[in-house]
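K.L.:
Right, I'll just put the structure down here and ask away after.
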Amino acid sequence: MINAAHIILYSADADADRVFIRDVLGLAGVDAGGGWLIFKLPPAEIAVHPTDGPSKQEFYFMCEDIEGTLAELTAKGVTVSEPVSEQRWGRLASIKLPSGADLPIYQPLHPVAYDLES
1 MINAAHIILY SADADADRVF IRDVLGLAGV DAGGGWLIFK LPPAEIAVHP
51 TDGPSKQEFY FMCEDIEGTL AELTAKGVTV SEPVSEQRWG RLASIKLPSG
101 ADLPIYQPLH PVAYDLES
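Encoded structure:
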């Protein structure tokens, strides 16, 4: 029934963030027309958390070694905007996109669902 997910990041500088995602993060993509890039994401999973506030969505990249990933990204000139913090569910940090937005990245400490057989 559902065969993929499409995630939208709204950006104050979409062109710069697209170049960053393509050239720095190294994600392959397609041109949907007029330079509008849509990127292939790594395997993904979705979690639904309860809230007492309004419903919202969040986006995180995941990695197997957060220190190694951050070292590789800083070697490419990426700014780490939030250093690694230990959470109950993983090791969390954020990097800065060219637009100024933070992009969270974490190393999960929980079992992952993205490698399950369909």
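By UniProt numbering, the letter at position 64 of the sequence shown is numbered 64, and the numbering carries on one by one without gaps. C-beta: ideal position from N, C-alpha, C; glycine also. Here the structure is a predicted model, which is why all the values come from computation and not from measurement.
Under the three-state reduction of DSSP, which class applies to residue 61: helix, strand or coil?
P.N.:
Here residue 61 sits in strand by DSSP.
K.L.:
For the segment 40-53 against the segment 64-75, are there 3 or more C-beta pairs whose distance is under 8 Å?
P.N.:
These segments do not touch.
K.L.:
Let me check understanding here. Comparing Cα to Cα, which of 90, 80, 15 and 21 lies closest to residue 34?
P.N.:
Measuring from the Cα of residue 34, the nearest candidate turns out to be 15.
K.L.:
What residue ranges within the UniProt domain "VOC" (3-108) form continuous beta strand (DSSP E) runs of no fewer than 3 residues, ordered along the chain?
P.N.:
Within the UniProt domain "VOC" (3-108), the complete beta strand (DSSP E) runs of at least 3 residues are 29-31, 37-39, 80-86, 90-96 and 102-108.
K.L.:
Do you know how far the Cα of residue 13 is from the Cα of residue 89?
P.N.:
Taking the straight line from one Cα to the other gives about 31 Å.
K.L.:
Using C-beta distances below 8 Å, list every residue in its chain close to residue 37, excluding the 5 sequence neighbours before and after it, in chain order.
P.N.:
18, 21, 22, 29, 30 and 31.
K.L.:
Quick one: what's got a C-beta closer than 6 Å to residue 110's C-beta in the same chain, skipping five residues either side?
P.N.:
Within the same chain, residue 110 has close Cβ partners 89.
K.L.:
Leaving aside the five residues before and after residue 107 along the sequence, list all residues of the same chain whose C-beta is less than 6 Å from its C-beta, in chain order.
P.N.:
Taken in chain order, the residues that qualify are 63, 66, 90 and 91.
K.L.:
Would you mind working out which of 115, 72 and 86 sits nearest residue 80, comparing C-alpha positions?
P.N.:
Measuring from the Cα of residue 80, the nearest candidate turns out to be 72.
K.L.:
Using CA atoms only, rank isn't needed, just tell me which of 74, 83 and 45 is closest to residue 114.
P.N.:
Ranking 74, 83 and 45 by Cα distance to residue 114 puts 45 first.
K.L.:
Exposed or buried, which one is residue 93 when buried takes at least 16 other CB atoms within 10 Å?
P.N.:
Burial call: buried.
K.L.:
Suppose the cutoff is 7 Å on Cβ atoms and the five residues either side in sequence are ignored; what does the same chain contact list for residue 48 look like?
P.N.:
Correct list: empty, nothing qualifies.
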